[in-house]
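*Asks:* Below is a structure I'd like to ask you about.
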Amino acid sequence: MLCSFPVSRSLNFGALTARLLLCHHLNHPAKFSTGTIRMETSKNCSSNSRGALIVLEGLDRSGKSSQSSRLVSYLESQGHAVELWRFPDRNTSVGQMISSYLSNKSQLDDHTIHLLFSANRWEKRSVMEAKLKAGVNLIVDRYSYSGVAFSSAKGLDVEWCKAPEVGLLAPDLVVYLDILPEKASERGGYGGERYEQLEFQKKVAHCYEVLRDPSWKIIDACQPMEEVEKQLQEIVWDQVVACQKGKPLFNLWRS
4 MLCSFPVSRS
14 LNFGALTARL
24 LLCHHLNHPA
34 KFSTGTIRME
44 TSKNCSSNSR
54 GALIVLEGLD
64 RSGKSSQSSR
74 LVSYLESQGH
84 AVELWRFPDR
94 NTSVGQMISS
104 YLSNKSQLDD
114 HTIHLLFSAN
124 RWEKRSVMEA
134 KLKAGVNLIV
144 DRYSYSGVAF
154 SSAKGLDVEW
164 CKAPEVGLLA
174 PDLVVYLDIL
184 PEKASERGGY
194 GGERYEQLEF
204 QKKVAHCYEV
214 LRDPSWKIID
224 ACQPMEEVEK
234 QLQEIVWDQV
244 VACQKGKPLF
254 NLWRS
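Encoded structure:
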């Protein structure tokens, strides 16, 4: 055995390097009870005004990147501090390994790449919380839900995929841009990366359906871009206002 440290539900994956993350998770699979991801109030979060954490999810070529950029421009025009984040963040050391994998320049075991995606989010967790507390709104193109959807579409256990996400910040809003895989495949640039394959995207779409909960907002991504943009602005505005009024910040967790 390469690792001998005990398994703990409260293990802070963010404090580990990617190597330790892989070592622990592969050699000591955590035994979590089944159930959906729930939220727990962060012990370090105050009720003061803060920025909103907005996540856009969807299949490849659903329009997330374009709509994320447009949303940032809109919030800036309304006088709000806002930043656009994307996962994976390919600028970090872990992100560079992921980028190489996605562009088919390297090969990795499915479990390994899943944990690298999770480690990539943990790399940014403390900065994310600091930004939100400073009043900066974060528009995030893909988050934990993408990690679980894509890995479970490969056949990995959903609960196993969720485990390393425990303790990351929970979004104030998840917006899913809904599009049929066949329609997404007709859009420009499709097929440029590893996961942009129609049959695989069909599996991802099914996994997203499993992950969705009533709090998600669904927008038909086949509508004209301007209509999608308008609906997105209306949905997000309410959350921005709620966070300014002191909406608590939560963590992802499991019972």
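If you want our numbering, it's the position in the sequence shown, counting the first as 1, plus 3.
Backbone N, C-alpha and C define an ideal beta-carbon position, used for all residues, glycine too.
When you compare the stretch 244 to 257 with the stretch 172 to 181, are there three or more beta-carbon pairs, one atom per stretch, that lie closer than 8 Å?
*Replies:* Touching, yes, given that three or more Cβ pairs across the two stretches are closer than 8 Å.
*Asks:* Using CA atoms only, rank isn't needed, just tell me which of 52, 54, 53 and 71 is closest to residue 180.
*Replies:* It is 71 whose Cα lies nearest to the Cα of residue 180.
*Asks:* In angstroms, rounded to a whole number, what distance separates the CA positions of residue 129 and residue 212?
*Replies:* Approximately 30 Å between the Cα atoms of the pair.
*Asks:* May I ask which residues mark the beginning and end of the alpha helix (DSSP H) holding residue 120?
*Replies:* Where residue 120 is concerned, the enclosing alpha helix (DSSP H) stretches over 113 to 125.
*Asks:* Taking only runs that begin and end inside the stretch 164 to 251, name each unbroken beta strand (DSSP E) of 3 or more residues, in chain order.
*Replies:* With a minimum length of 3 residues, the continuous beta strand (DSSP E) runs that stay inside the stretch 164 to 251 are 176 to 181 and 220 to 223.
*Asks:* Tell me the residue span of the alpha helix (DSSP H) that contains residue 145.
*Replies:* Note, residue 145: premise wrong, no alpha helix (DSSP H); not H, not E.
*Asks:* Is the Cβ-Cβ distance between residue 236 and residue 104 less than 8 Å?
*Replies:* No, the Cβ-Cβ distance between residue 236 and residue 104 is not below 8 Å.
*Asks:* Using only the alpha-carbon positions, how far apart do residue 121 and residue 81 sit?
*Replies:* Going by the C-alpha atoms only, they are around 33 Å apart.
*Asks:* What's the gap between the Cα of residue 1 and the Cα of residue 111?
*Replies:* There is simply no residue 1 to check, as the chain begins at 4 and stops at 258 in what is shown.
*Asks:* To the nearest whole angstrom, what separates the beta carbons of residue 134 and residue 86, a pair I think is in contact under 8 Å?
*Replies:* That pair is a contact at about 7 Å.
*Asks:* Just curious, the alpha helix (DSSP H) that residue 73 is in, first and last residue?
*Replies:* 67 to 80 is the span of the alpha helix (DSSP H), which, as asked, contains residue 73.
*Asks:* Please state if the CB of residue 169 and the CB of residue 56 are separated by a distance shorter than 8 Å.
*Replies:* Not in contact: residue 56 and residue 169 (Cβ atoms no closer than 8 Å).
*Asks:* Select from 94, 54 and 156 the residue whose C-alpha is nearest the C-alpha of residue 136.
*Replies:* Checking every option, the nearest Cα to that of residue 136 belongs to 54.
*Asks:* Work out the CA separation of residue 74 and residue 139 for me, nearest whole Å.
*Replies:* Distance between the alpha carbons of residue 139 and residue 74: 14 Å.
*Asks:* Taking the C-alpha atoms as reference points, what is the distance between residue 208 and residue 152?
*Replies:* Their backbone Cα atoms lie some 8 Å apart in a straight line.
*Asks:* From the DSSP secondary-structure annotation, give me the bridge partner or partners of residue 60.
*Replies:* In DSSP, residue 60 forms a bridge with 179.
*Asks:* The alpha helix (DSSP H) that contains residue 135, what's its start and end?
*Replies:* First-last of the alpha helix (DSSP H) with residue 135: 128 to 136.
*Asks:* Alpha helix (DSSP H) containing residue 105: first to last residue?
*Replies:* Start and end: 96 to 105.
*Asks:* Using the Cα positions of residue 210 and residue 226, report the straight-line distance between them to the nearest angstrom.
*Replies:* C-alpha separation (whole angstroms): 23 Å.
*Asks:* With distances taken Cα to Cα, identify the nearest neighbour of residue 99 among 83, 84, 119 and 88.
*Replies:* Minimum Cα distance to residue 99 is reached at 119.
*Asks:* Using three-state DSSP, classify residue 153 as helix, strand or coil.
*Replies:* Of the three classes helix, strand and coil, the one that applies to residue 153 here is helix, per DSSP.
*Asks:* Tell whether a beta-carbon distance below 8 Å holds between residue 124 and residue 90.
*Replies:* For residue 124 and residue 90, yes; Cβs fall inside 8 Å.
*Asks:* Tell me, which residues are paired with residue 87 by DSSP?
*Replies:* Answer by DSSP bridge pairing, in chain order: 142.
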